[in-house]
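See below for the structure under consideration.
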Amino acid sequence: MTFKSRAGIAAALLLVSLSACQDAPTAGQPRAVQTVLAELRCSANVRSGTLSCEPAQGRTGGARGTIATVGGQHHYVRLANSGNVLDPVAGTFATTVTVQNLLLAALGTADGATAHATGVRVFFASGPTNGVTVANATGQESFLSPNQDYFQYSGADLGADGILGSDETSAGKQWAFNTGGADGFAFSVYVQAQVPTGADYTAHFTQVVVGGAHTCALSAAAKAYCWGSDGNGQLGDGSGTAVLLGVPSAVQMPEGVSFTSISAGANYTCALGTDGRAYCWGSDNTGRLGNGTTLTAAQYTPSLVNMPTGVSFTSISAGSGHACALGSDSRAYCWGTDNNGRLGNGDALTAEQHSPSPVEMPAGVSFTSISAGTVHTCALGSNSRAYCWGTDTNGRLGNGSTLTADQSSPSAVQMPAGVSATSISAGETHTCALGSDSRSYCWGADTNGRLGNGATLTAFQQSPSPVQMPAGVSFTSISAGTAHTCALASDSRAYCWGSDGNGRLGNGGTLTADQQSPSPVQMPAGVSFSSLSAASPHACALTDGPGYCWGSNGSRQAGDGTAIVRDAPAVIAASR
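Residue numbers (our numbering): 1 to 576.
Right, here's the structure in full:
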């Protein structure tokens, strides 16, 4: 079988370079190929019957129990193995390998619809070393050099349509090796497949937000992507199926509109459009989509929020059963369930609100930022004061217990004397803020240590208590989750505290108990985070390159193509 001229092929080539501790192969760069996307290094231990790999740029959250997570800093394809068989008498080693597509585009097609005959080919670029040979290659072809063995996944291997779609995994194919008595060996592999368009292989994210069991992001190309649970349509891709997606999936954007900001709630998502309107999708339970009851069922694509006349929104925040936004008229608006007064309308409207209703603003004050939590809402005022409303259970409103009942209109947070809040985040049972004194403060329930005060205060805190900051460090942003809190620091590191259940603190499992003060996230080598979002049992952050997530991944909300709990930041698939 002969390839067409590579100069004329729209092909993505995924480099997987695998090396043993000794006698490591050195694969040259492929000649006249369009793109080399990633690299891996692996080795086979014949005696133990295992094959293990790590990204060439260092292990950065690679999938445990797989042959390889491609890319180091960039994850584009994954090879996973199972069913290893060692026959020392015959001198053979065999394993069944699958290919998982972690790109945003399909593999094995030039137009997205028609399967290409070559499907996905995995070429042996160098090796195997130590005299080992490939026993059952599909065929040989010239790639880097003449007569290179390859395994081909095509047709039914790639599903009924013969195409390996984004996040899809191929059928397994057995790879067999003649070991010749070698105790171990290594080899290099290139994965080659046609893809529809080079513009859609990957995305650079400029904003990431964490919801209940899903995550969403905006790209530098002004496109929105979501991944994780789509049980209520919160991924917005129009699929209408209750699936779990472990790779970013493009939101079905309104025609002619791009999003400027996005916020993920419990099982829905909201965004602001370049047309000055707001859009929400997912569960419309309690009216949280704000569409004026014109659409009462779950929405699998963005639906228009029923905007106040003559008003556009400048920021938006999706909470649990309600959402809030700031308007161009210097007012704040909330919609959804009004239980506990979380809509802040002064109880003028006590039932569910299916359209934005105005918050009863403090006299002479406008809000500069707003954060919707689980059963309360907080905002920063133009008068340098912070305000919260909704349930005051556990002291989450921070008013110093001067008001202990639910507050249906904004009540002032009792900040320390001379300190104003510069940023605020409402979580589930607690709230956190950054102070003008370069300190951070949290209040509400201190369960699991989520207030970060070093256990000096273990009861509920009705007013802001100082976080026990790392020496010489101030926080530049803060995000309150459910049972934990995370922040970005002036030393370019991320810190989390509270419950470490499901690895949500991101410390690599070095600290497994609750943390009552900030503990450093196990940052990838040479990487600093530029933004961060924590919500349910996971968190995500962005860099000037790829994005990272850690914590719970049961709904695949970490976006690395697996469902494995991540106790350290793992690269979001196809992010760059």
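From the three backbone atoms N, C-alpha and C, an ideal C-beta is built for every residue, glycine too.
C-alpha distance - residue 557 paired with residue 337, whole-angstrom precision
Reading the sequence shown from its first residue, position 557 is the one you call residue 557. Reading the sequence shown from its first residue, position 337 is the one you call residue 337. Using only the alpha carbons, I get a separation of about 26 angstroms.
For this session: Within 10 angstroms of the Cβ of residue 147, are there 16 or more other Cβ atoms? Answer buried if so, exposed if not.
Result: If you number the sequence shown from 1, residue 147 lands on position 147. By the neighbour-count definition (other C-beta atoms within 10 Å, threshold 16), residue 147 is an exposed residue.
query: Measuring CA to CA, which of 362, 366, 376 and 304 is closest to residue 356?
result: Within the sequence shown, residue 356 is the residue found at index 356, counting from 1. The residue from 362, 366, 376 and 304 with its alpha-carbon nearest to that of residue 356 is 304.
| request: To the nearest angstrom, report how far apart residue 564 and residue 554 are at their CA atoms. | output: Here the question's residue 564 lines up with position 564 in the sequence shown. Here the question's residue 554 lines up with position 554 in the sequence shown. If you draw a straight line from the Cα of residue 564 to the Cα of residue 554, it comes to about 7 angstroms.
| Just the Cα atoms here: how many angstroms apart are residue 244 and residue 167? | On the sequence shown, position 244 is the one that residue 244 refers to. On the sequence shown, position 167 is the one that residue 167 refers to. Rounded to whole angstroms, the gap between the alpha carbons of residue 244 and residue 167 is 10 angstroms.
Next on the checklist: Using only CA atoms, which one of 439, 378 and 431 lies nearest to residue 366?
Outcome noted: As a working note, residue 366 is residue 366 in the sequence shown. Cα-wise, what sits closest to residue 366 is 378.
- Should residue 504 be labelled buried (16 or more other beta-carbon atoms within 10 Å of its own) or exposed? Taking the sequence shown and counting its residues from 1, one reaches residue 504 at position 504. So residue 504 ends up on the buried side.
**Asked** When the distance is taken between beta carbons, is residue 324 closer than 8 angstroms to residue 278?
**Response** Within the sequence shown, numbered from 1, the residue matching residue 278 stands at position 278. Within the sequence shown, numbered from 1, the residue matching residue 324 stands at position 324. No; because the gap between Cβ atoms is not below 8 angstroms, this pair is not in contact.
Helix, strand or coil: how does DSSP classify residue 156 here?
-> Here residue 156 corresponds to residue number 156 of the sequence shown, with the count starting at 1. Residue state, collapsed to three classes: helix.
Notebook entry, point to check: residue 583 to residue 265, Cα distance in whole Å?
Noted result: The displayed coordinates of the chain run from 1 to 576. Any statement about residue 583 would go beyond what the structure contains.
Could you say if the segment 199-216 and the segment 534-544 meet the contact criterion of at least three C-beta pairs nearer than 8 angstroms?
They touch, by the three-pair rule.
field: Cβ pair residue 439, residue 466 closer than 8 angstroms
entry: By 1-based counting over the sequence shown, the position of residue 439 is 439. By 1-based counting over the sequence shown, the position of residue 466 is 466. Yes, Cβ-Cβ distance for residue 439 and residue 466 is below 8 angstroms.
Quiz item: Exposed or buried, which one is residue 196 when buried takes at least 16 other CB atoms within 10 Å?
Solution: Numbered from 1 along the sequence shown, position 196 holds the residue referred to as residue 196. Under the 10 Å beta carbon count, residue 196 is surrounded by 16 or more other beta carbons and is classified as buried.
Practice prompt. Rank 389, 135 and 429 by C-alpha distance to the C-alpha of residue 408 and give the top, closest one.
Written response: For the purposes of this step, residue 408 is taken as the residue at position 408 of the sequence shown. Of 389, 135 and 429, the residue nearest in Cα terms is 389.
In angstroms, rounded to a whole number, what distance separates the CA positions of residue 352 and residue 267? As a first step, residue 352 must be located in the sequence shown, where it is residue number 352. As a first step, residue 267 must be located in the sequence shown, where it is residue number 267. A direct Cα-Cα distance of roughly 17 angstroms separates residue 352 from residue 267.
(message) Between which residues of its own chain and residue 330 is the CB-CB distance below 7 angstroms, once the five residues before and five after are set aside?
(response) Along the sequence shown, read from residue 1 onward, the residue named residue 330 stands at position 330. Cβ within range, chain order: 366.
Report the option in 499, 151 and 111 whose CA atom is closest to the CA atom of residue 176. Looking up residue 176 in the sequence shown gives position 176. For the set 499, 151 and 111, the Cα lying nearest the Cα of residue 176 is the one of 151.
Here's the rule: buried if 16 or more other CB atoms are within 10 angstroms of the residue's CB, otherwise exposed. What is residue 255? By 1-based counting over the sequence shown, the position of residue 255 is 255. Exposed.
_Runs of 3 residues minimum, wholly inside the segment 201-241: which ones carry the beta strand (DSSP E) assignment?_
The segment 201-241 contains these whole beta strand (DSSP E) runs: 205-210, 214-219 and 224-229.
Fill in: Cβ pair residue 108, residue 95 closer than 8 angstroms
Position 108 of the sequence shown, counted from the start, is the residue given in the question as residue 108. Position 95 of the sequence shown, counted from the start, is the residue given in the question as residue 95. With respect to residue 95, residue 108 sits apart: the two C-beta atoms are not nearer than 8 angstroms.
Note to self: Taking 6 angstroms as the limit between beta carbons, can you name the residues of its chain near residue 300, skipping five residues before and five after?
What the structure shows: In the sequence shown, the residue the question calls residue 300 occupies position 300. Only 233, 238 and 240 meet the Cβ criterion.
**Report entry** Three-state class that DSSP yields for residue 265 in the structure shown
**Finding:** Within the sequence shown, numbered from 1, the residue matching residue 265 stands at position 265. In this structure, DSSP gives residue 265 a state outside helix and strand, which the three-state scheme calls coil.
What does DSSP give as the partner residue(s) for residue 358 in the beta ladder? Your numbering for residue 358 matches position 358 in the sequence shown. Its beta-bridge partners are 333.
Alpha carbons only, please: which of 76, 52 and 502 is nearest the one belonging to residue 572? Translated into the one-based positions of the sequence shown, residue 572 becomes position 572. Comparing Cα-Cα distances from residue 572 to each of 76, 52 and 502, the minimum goes to 76.
Is any non-hydrogen atom of the ligand MG found closer than 7 angstroms to the C-beta of residue 466, if you look at the structure I gave you?
This structure does not include the ligand MG; it has no bound ligands of any sort.
Cα-Cα, which of 192, 215, 538 and 128 is closest to residue 154? Looking up residue 154 in the sequence shown gives position 154. Ranking the options by Cα distance to residue 154, first place goes to 192.
Alpha carbon of residue 502 to alpha carbon of residue 562, nearest angstrom:
Taking the sequence shown and counting its residues from 1, the one referred to as residue 502 is at position 502. Taking the sequence shown and counting its residues from 1, the one referred to as residue 562 is at position 562. Cα-Cα distance, rounded: 14 angstroms.
> When you compare only the Cα positions, how much space is there between residue 358 and residue 276?
Replying inline: Within the sequence shown, the letter at position 358 stands for residue 358. Within the sequence shown, the letter at position 276 stands for residue 276. Looking at the two C-alpha atoms, the distance is approximately 18 angstroms.
- Query: Cα-Cα, which of 487, 434, 328 and 297 is closest to residue 310?
  - Reply: Locating residue 310 in the sequence shown gives position 310, counting from the first residue. Closest option to residue 310, judged by alpha-carbon separation, among 487, 434, 328 and 297: 328.
Cα separation between residue 66 and residue 80? Position 66 of the sequence shown, counted from the first residue, corresponds to residue 66. Position 80 of the sequence shown, counted from the first residue, corresponds to residue 80. Summary for residue 66: the model assigns pLDDT 35, below 50, so the residue's position carries little reliability; its value from the coordinates is reported in the next sentence. Their Cα atoms are separated by approximately 4 angstroms.
Assumed close pair residue 272, residue 313 - CB separation to whole angstroms, cut-off 8 angstroms
Your numbering for residue 272 matches position 272 in the sequence shown. Your numbering for residue 313 matches position 313 in the sequence shown. Confirmed, about 6 angstroms.
- Message: Please classify residue 229 as buried or exposed, where buried requires at least 16 neighbouring CB atoms within 10 angstroms.
- Response: As a first step, residue 229 must be located in the sequence shown, where it is residue number 229. That one is buried.
Inset, instruction - Tell me, please, whether the CB atom of residue 274 is closer than 8 angstroms to any CB atom in chain C? - result: No chain C is part of this structure, which consists of one protein chain only.
Requested in this report: State the DSSP-derived secondary structure class of residue 509, mapped to helix, strand or coil.
Outcome: By 1-based counting over the sequence shown, the position of residue 509 is 509. Correct three-state label for residue 509: coil.
So what does residue 313 bridge to, in DSSP terms? Reading the sequence shown from its first residue, position 313 is the one you call residue 313. Secondary-structure assignment with DSSP links residue 313 through a beta bridge to 327.
For a quick check, are the C-beta atoms of residue 396 and residue 444 less than 8 angstroms apart?
Numbered from its first residue, the sequence shown carries residue 396 at position 396. Numbered from its first residue, the sequence shown carries residue 444 at position 444. The Cβ atoms of residue 396 and residue 444 sit closer than 8 angstroms to each other.
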